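Here's the structure, in structure tokens; my notes come after.
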Amino acid sequence: MELLSHHWPDWLPSRVEDLDNKRMVVAAPTTPTIPFLMPDPGDSVKVHWVSHRGICELSARVDLCKRAPVPVWVVTATSEPTLHQRRRFARISVTLPVALAVGGSENETTTTLNIGEGGMTCILAHDQSLTPGDMAEVIVNLDDEAFYTRAMCLRTDANETGRATASFQFEQLEPHQADRIRRFIFQEELRRRAQGRN
716 MELLSHHWPD WLPSRVEDLD NKRMVVAAPT TPTIPFLMPD PGDSVKVHWV
766 SHRGICELSA RVDLCKRAPV PVWVVTATSE PTLHQRRRFA RISVTLPVAL
816 AVGGSENETT TTLNIGEGGM TCILAHDQSL TPGDMAEVIV NLDDEAFYTR
866 AMCLRTDANE TGRATASFQF EQLEPHQADR IRRFIFQEEL RRRAQGRN
């Protein structure tokens, strides 16, 4: 789960220590500059968590902050949870490093235009040529964590600068890889939403 407070511009990771009806005890989050963020009693905060159905979010009021024995916030929900449901194979426009190898060729490093658990679109290296149906070996980097899979080219096109692009469908993606992409998309959407309201 993560928390959003007006004391910090982005969502911060936390965990539930105790739950009683609408009252929650959550671990005080840390920031790059503040060991434990401690809002004021009465402050409004947002709480969200990821489920298999999407992102759940609710508003809450800070009742109390304690530093000992463990730094925690005591908050009371002031709204019912809302579900931001994800589409099947949701995609997000994002630039990520990716390595492509087609037909036994050497890996060519390029970047994505978008990615989802179903596949991706990326810019092709200048000397790469693909046709729909071609298979590629793919290494994608998500937040400095790389994973390998195979992908089939569905179509080729050109972007606004004239560079060749290709859309791929991931083949036999492992469940933990699909989950990693899903979580990356959720976190990126939440990060952008949080920045948009500040």
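Numbered by the numbering used here, the letters in the sequence shown go through residues 716 to 913 in order. Ideal Cβ placement from N, Cα and C applies to all residues, glycine included. In this text the structure is predicted, and so the values were computed from the model without any measurement.
So, is residue i buried or exposed, given that buried needs 16 or more other C-beta atoms within 10 angstroms?
| i | result |
| --- | --- |
| A914 | In this structure the chain extends from 716 to 913, so residue 914 is not present and cannot be described. |
| H763 | buried |
| A881 | buried |
| I896 | buried |
| A866 | buried |
| L734 | exposed |
| L839 | buried |
| A851 | buried |
| N913 | With a pLDDT of 42 at N913, under the threshold of 50, the modelled position of this residue cannot be trusted; read the value that follows with caution. It is exposed - the Cβ of N913 has fewer than 16 other Cβ atoms within 10 Å. |
For residue i, collect the residues of the same chain with a Cβ closer than 6 Å to its Cβ; drop the 5 residues on either side in sequence, then sort them by chain order.
| i | result |
| --- | --- |
| T827 | L811, V813, M835 and C837 |
| D755 | none |
| Q892 | F862 |
| V790 | M739, A775 and V777 |
| Q843 | E823 |
Please work out which residues of its chain come closer than 7 Å, Cβ to Cβ, to residue i, disregarding the five sequence neighbours upstream and downstream, and give them in chain order.
| i | result |
| --- | --- |
| V765 | R898 and F901 |
| E732 | V740, V741, A742 and V787 |
Give me, in chain order, the residues of the same chain whose beta-carbon lies closer than 8 Å to that of residue i; leave out the 5 immediate sequence neighbours on both sides.
| i | result |
| --- | --- |
| F751 | A743, P744, T745, R782 and P786 |
| T797 | C771, E772 and L773 |
| A909 | L719, P724, D725 and W726 |
Please list the terminal residues of the continuous beta strand (DSSP E) segment that includes residue i.
| i | result |
| --- | --- |
| M867 | E860 to A873 |
| S720 | E717 to S720 |
| Q884 | A879 to E886 |
Tell me residue i's beta-bridge partners as DSSP assigns them.
| i | result |
| --- | --- |
| F901 | In DSSP, F901 forms no bridge with anything. |
| W788 | V741 and C780 |
| D735 | R738 |
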